Amino acid sequence: MNAGERQIPLAAGDSFAFGAGQVLPASCDLAIIGGGIIGVATAYFLARRGMRVVLCEKGRIAGEQSGRNWGWVRQQGRDLRELPLMIRSMGLWRGLSAELGEDIGFTQGGCLYLAENETELSYYENWLRGARSQPLDSRMLSTAELSQALCSPLPRWIGALYTASDGRAEPSRAAPALARGAQRAGAQIYTACAVRGLDIAAGRVRAVVTEHGSIATDTVLCAAGAWTSLFCGSLGIDVPQLRARGTVARTAPAQKILNGAAYCSSVAIRRRADEGYTVAHGSRFDHSLAPASFRYALKFWPALKQEQGAIRLCAGWDFFTALAQPRRWDLASPSPFERERVLDPAPDEGTLAEMRTALTAAFPQLAAAPFVESWGGTIESSPDVLPILSAVDALPGFHVATGFSGHGFGIGPAAGELCADLLTGQAPADSLQHFRLARFFDGTPIRPGPTI
Ligand SMILES: Cc1cc2nc3c(=O)[nH]c(=O)nc-3n(C[C@H](O)[C@H](O)[C@H](O)COP(=O)(O)OP(=O)(O)OC[C@H]3O[C@@H](n4cnc5c(N)ncnc54)[C@H](O)[C@@H]3O)c2cc1C
Numbered sequence: 424m425n426a427g428e429r430q431i432p433l434a435a436g437d438s439f440a441f442g443a444g445q446v447l448p449a450s451c452d453l454a455i456i457g458g459g460i461i462g463v464a465t466a467y468f469l470a471r472r473g474m475r476v477v478l479c480e481k482g483r484i485a486g487e488q489s490g491r492n493w494g495w496v497r498q499q500g501r502d503l504r505e506l507p508l509m510i511r512s513m514g515l516w517r518g519l520s521a522e523l524g525e526d527i528g529f530t531q532g533g534c535l536y537l538a539e540n541e542t543e544l545s546y547y548e549n550w551l552r553g554a555r556s557q558p559l560d561s562r563m564l565s566t567a568e569l570s571q572a573l574c575s576p577l578p579r580w581i582g583a584l585y586t587a588s589d590g591r592a593e594p595s596r597a598a599p600a601l602a603r604g605a606q607r608a609g610a611q612i613y614t615a616c617a618v619r620g621l622d623i624a625a626g627r628v629r630a631v632v633t634e635h636g637s638i639a640t641d642t643v644l645c646a647a648g649a650w651t652s653l654f655c656g657s658l659g660i661d662v663p664q665l666r667a668r669g670t671v672a673r674t675a676p677a678q679k680i681l682n683g684a685a686y687c688s689s690v691a692i693r694r695r696a697d698e699g700y701t702v703a704h705g706s707r708f709d710h711s712l713a714p715a716s717f718r719y720a721l722k723f724w725p726a727l728k729q730e731q732g733a734i735r736l737c738a739g740w741d742f743f744t745a746l747a748q749p750r751r752w753d754l755a756s757p758s759p760f761e762r763e764r765v766l767d768p769a770p771d772e773g774t775l776a777e778m779r780t781a782l783t784a785a786f787p788q789l790a791a792a793p794f795v796e797s798w799g800g801t802i803e804s805s806p807d808v809l810p811i812l813s814a815v816d817a818l819p820g821f822h823v824a825t826g827f828s829g830h831g832f833g834i835g836p837a838a839g840e841l842c843a844d845l846l847t848g849q850a851p852a853d854s855l856q857h858f859r860l861a862r863f864f865d866g867t868p869i870r871p872g873p874t875i
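Counting in our numbering, the sequence shown runs from 424 upward without gaps.
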């Protein structure tokens, strides 16, 4: 049987790995912490502008969220505050495979949000009304149009929101290809190279301190994904962030019923470059209660209330593991980032079983397509489910890019471009207005946008 293309790579040779006898550069113009799509896209745009940029990744490129996601590149359903950035990102995705000289599996195959009842239908219609002023091709589909789109004579849905220009790309390929592109443009990229902390003098950043030595720089971007709150907390900088686990699987190559992606509350599917499907539960994320859950409970309350059907709160040993984690450490000794090189949560077996049942019920043409790989992924979110792309006022030279929630892969290229603008002082002020870190502390009302 053709088993398709693995999403989570087996432990294998890593061409970026910091090797024995290697020495880090003594200095750079800008340092980036984290080799997810945000870090590598930022490195790519900075290197192309001729900046001396160094990126340090504790594990491997795209080892965490950026290699484990569903691979949806969608504008549809986005919070209107981040929609313009996503539309920009779509423009960048269109040119990336050619620009990088690698096939990253990007295709504009369309995105469907399937409505099971009138409440869901009017939710999607409402989003569409709000997005009308944007240059988008989103529209509602009737059942007749839907049966054509899904090659199914009797769809069980009463309508759908559809954006033909939405797309997909392969998470296992995109960030690594961007990292190689950044390297060709002059960026220095090191994996197996955790940043333990910063050297700070006279209230300013002076160097990043890694497990392999220090690199002098006065400008740093922390794009550490689910670790950002911990990293920043160790510097006395509060970044409200919580984690949740998603369970994902892929099928073997199977009948083509769509070329893009489709979502309903029980199951979400995305056509893959290997002709299988990436499958997930439409509304199930597990949040293991941790000290941070209580620390940030008030800030996250609006989002938790909104997503109460989708977030499953779990109490267990994870609480004590998180409690035992140090919040500060000596930079001369191994840090929490070296102790857990790659966040690799197990997929939830019960969720996998529900996904299997829901896939068969929703898309009977895929009933015989076996799941050939499954994995867990740790999603991180900010309280309003919008990214944080921000300079940190309390520490000149230090910047944060995190909080992308379940939709940072698609927006990644444009977010990286905007981070490059931010780090070089070229970002138009209003482009960052909704993404300031300070919004969580200056009395701005926390209004979570849609998560799906
Ligand atoms: C199951 C799942 C499904 C998703 N589906 C989609 C989707 O379909 N579409 C979409 O747009 N988005 C999706 N997302 C969200 C998307 O994957 C993320 O928003 C995006 O990948 C975040 O990228 P990042 O670079 O910020 O973080 P990450 O990819 O998590 O990268 C951060 C990196 O920083 C490294 N790091 C942390 N601390 C340190 C340190 N001290 N030193 C060195 N390195 C460090 C980590 O090892 C990690 O590799 C999904 C996410 C998950 C988990």
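For every residue, glycine included, the Cβ atom is placed at its ideal position computed from N, Cα and C.
Computed from a prediction, not measured in an experiment: that's the story for all the values here.
Identity of the residue in the options nearest residue i by Cα
i, options, result
"serine 797", "Glu772, Ser565, Gln557, Gly553", "Glu772"
"alanine 426", "Ile680, Thr542, Tyr700", "Tyr700"
"alanine 814", "Ser561, Ile834, Gln856", "Gln856"
"leucine 621", "Gly833, Cys655, Ile834", "Cys655"
"aspartate 502", "Arg750, Val808, Ala684", "Val808"
"serine 689", "Ala675, Arg673, Ser706, Ile869", "Ser706"
"leucine 433", "Leu818, Pro787, Asp767, Gln664", "Asp767"
"phenylalanine 760", "Gly648, Val795, Gly839", "Gly648"
"leucine 846", "Asp589, Arg870, Phe821", "Phe821"
"isoleucine 510", "Asp853, Ala850, Arg862, Gly835", "Gly835"
"leucine 644", "Leu818, Ser828, Glu428", "Leu818"
"glutamate 763", "Ala617, Phe468, Arg859, Trp724", "Ala617"
"threonine 586", "Tyr547, Arg579, Ala600, Trp580", "Tyr547"
"phenylalanine 879", "Ala538, Gly518, Leu535, Cys479", "Outside the displayed span of the chain (424 to 875) sits residue 879, for which this structure offers no information."
"leucine 584", "Ala605, Trp550, Arg607, Arg627", "Trp550"
"alanine 624", "Thr640, Ala466, Glu634", "Thr640"
"arginine 751", "Glu777, Ala598, Ala838, Ile660", "Ile660"
"leucine 754", "Ile612, Leu658, Pro448", "Leu658"
"isoleucine 455", "Ala610, Arg694, Gln788, Ala667", "Ala610"
"serine 828", "Phe439, Pro578, Gly604, Gly669", "Gly669"
"threonine 801", "Ala667, Ala435, Ala776", "Ala667"
"glutamate 505", "Ile811, Asp816, Val823, Arg862", "Ile811"
"phenylalanine 786", "His635, Ser570, Tyr719, Ile869", "Ser570"
Beta-carbon proximity check, residue i vs residue j, cutoff 8 Å
i, j, result
"serine 637", "alanine 715", "no"
"glycine 490", "isoleucine 431", "yes"
"glycine 739", "alanine 769", "no"
"valine 476", "aspartate 452", "yes"
"threonine 614", "arginine 483", "yes"
"glycine 459", "glutamate 487", "yes"
"alanine 684", "alanine 703", "no"
"proline 806", "alanine 677", "no"
"glutamate 803", "glycine 826", "yes"
"glutamate 593", "alanine 675", "no"
"histidine 710", "leucine 746", "no"
"arginine 591", "glycine 494", "yes"
"leucine 544", "alanine 572", "no"
"alanine 597", "tyrosine 467", "no"
"leucine 869", "lysine 728", "In the sequence as presented, leucine is not what sits at residue 869; that position holds isoleucine. Their beta carbons are not under 8 Å apart, which means isoleucine 869 does not touch lysine 728 by this criterion."
Residue environment, residue i, which counts as buried when at least 16 other CB atoms sit within 10 Å
i, result
"asparagine 540", "exposed"
"leucine 736", "exposed"
"alanine 630", "buried"
"glutamate 730", "buried"
"alanine 843", "buried"
"glycine 444", "exposed"
"valine 446", "exposed"
"glycine 833", "buried"
"aspartate 589", "buried"
"lysine 679", "exposed"
"threonine 744", "exposed"
"serine 512", "buried"
"glutamine 849", "exposed"
"glycine 500", "buried"
"proline 851", "exposed"
"glycine 473", "exposed"
"proline 749", "exposed"
"tryptophan 580", "buried"
"proline 558", "exposed"
"phenylalanine 864", "exposed"
Cross-strand partners of residue i (DSSP beta bridge)
i, result
"alanine 684", "Cys534, Arg693"
"valine 632", "Gly620, Ser637"
"serine 711", "Cys737"
Within-8 Å CB hit, residue i to chain B
i, result
"alanine 600", "The structure shown contains no chain B, having only a single protein chain."
Contained beta strand (DSSP E) runs [length at least 3] in the region 447-532, N- to C-terminal order
With a minimum length of 3 residues, the continuous beta strand (DSSP E) runs that stay inside the region 447-532 are 453-456, 476-479.
In chain order, what are the residue ranges of uninterrupted beta strand (DSSP E) at least 3 long that sit wholly in the region 641-681?
Correct list: 643-645, 665-674.
3 or more residues per run - each beta strand (DSSP E) lying fully within the region 526-595
Under the rule that a run must span 3 or more residues, the beta strand (DSSP E) segments found entirely inside the region 526-595 read 534-538, 561-564, 582-586.
What runs of the beta strand (DSSP E), each 3 residues or longer, lie entirely inside the region 792-846?
Given a length threshold of 3 residues, each whole run of the beta strand (DSSP E) inside the region 792-846 is given here in chain order: 794-804, 811-814, 821-825.
Would you mind listing the alpha helix (DSSP H) stretches within the region 711-784 that are 4+ residues and don't spill past its ends, in chain order?
714-718, 720-729, 740-747, 759-762, all fully within the region 711-784.
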